[in-house]
Structures are given as structure tokens and as C-alpha cells.
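Under the numbering used here, the very last position in the sequence shown is 202; numbers go up by exactly one each time. This report refers to the structure that appears directly beneath it.
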Amino acid sequence: SSKRRRKEELLGKPFRRPQHELDPNGLVPLPVKVCFSCNRSCRIAPLIQCDYCPLLFHMDCLDPPLTALPAGKWMCPNHVEHLALNQRNLSLSSRCQLFDHFQDRMSQHAVKLDFLRRVHRQNAPNRRTTHQHNKKTFKVL
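What follows is the structure in C-alpha cells.
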């Protein structure tokens, strides 16, 4: 951390970065691509990227670990579609339709609007609960 580095610089100790994060010149290559599971870079082992999202994984970090690179499209374990694909009652054509449905990336703006619409529907800001109280009223003349 930068706090530890400053402390060691004040004490005169050299600060060392982990060797797996540095290139031969001692610099961190940019952009640093890190595994979603272990948060380590591609210097440890090669990373594979999900074809349906921007996440990266080491093959050993997956459960179960991959022994070879996927030949076709690969979906990371963070997708809910895995639950649907593991059901035995889905036919091959419906599984293909499911993959085609989730192949396109979703607009982040559309996700935010959908979220806000649902929250607004449940908790409308101007919605007031009307309580019938038996208050005495006076007529002002």
C-alpha cells in the first residue's frame, strides 16, 4: 500500500513490489489485467476472458479448473444462465436460444433505468399514506 511505502521510505528501507507484477524494466505494464477470483495479474498464468462480459479468470481459479483453453465461446461462472443450462428438461434448441438471448451486451443505461423504474414503482417519492383520523374540525367565521 502507499501508506506502507511512505513509511518505509521515511525509515530508509527500500520498498519492493511483488515480482510477478513487474516487467523486466521494473515497471507495471498498463493496463494491468487481473483475475476476477484471485486479483492477480496475467504474469502468474494466462487469463481467459468471458465472451459475455469483461471478466478475466485464470484457468486454475475456476471451479472446476479448466485443463485446456475453451475451443468455442466460453461463459464465466458469474452468469445466472448456468442454472438454466444445468436443468435436464431444456432441449438443445432452447439452450441455443438462451445463449443467443444473452449474447448481446446490455446497455448500462437500460439497466439503470429499469432499476430506477422498479424502485420508483415500489417506493414512489410522492406517495403518501392516508390515515383516517377522527379529528375535530371547527368552522371559522
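For glycine and all other residues, C-beta sits at the position ideal for the given N, C-alpha and C. Note that the structure is a prediction, hence the values are computed from the model and not measured.
Residue i to residue j span [Cα, whole Å]
{"i": "Pro126", "j": "His181", "result": "42 Å"}
{"i": "Thr128", "j": "Asp121", "result": "8 Å"}
{"i": "Pro107", "j": "Met136", "result": "17 Å"}
{"i": "Cys99", "j": "Gln110", "result": "14 Å"}
{"i": "Asp161", "j": "Leu117", "result": "21 Å"}
{"i": "Ala171", "j": "Arg179", "result": "12 Å"}
{"i": "Leu175", "j": "Gln183", "result": "It should be noted that the sequence gives Asp, not Leu, for residue 175. Computed Cα separation, rounded: 13 Å."}
{"i": "Lys173", "j": "His119", "result": "30 Å"}
Residue i - DSSP class collapsed to helix/strand/coil
{"i": "His119", "result": "strand"}
{"i": "Ser155", "result": "helix"}
{"i": "Val93", "result": "coil"}
{"i": "Leu108", "result": "strand"}
Status (buried if at least 16 other CB within 10 Å, exposed otherwise) for residue i
{"i": "Ser168", "result": "exposed"}
{"i": "Cys96", "result": "buried"}
Any non-hydrogen atom of the ligand HEM within 8 Å of residue i CB
{"i": "Leu174", "result": "Only the bare structure without any ligand can be found here, which leaves the ligand HEM out of the picture."}
Beta carbon of residue i nearer than 9 Å to that of residue j
{"i": "Lys134", "j": "Tyr113", "result": "yes"}
{"i": "Pro138", "j": "Asp124", "result": "yes"}
Bridge partners - residue i, DSSP secondary structure assignment
{"i": "Ser98", "result": "Partner(s): none; Ser98 has no beta bridge."}
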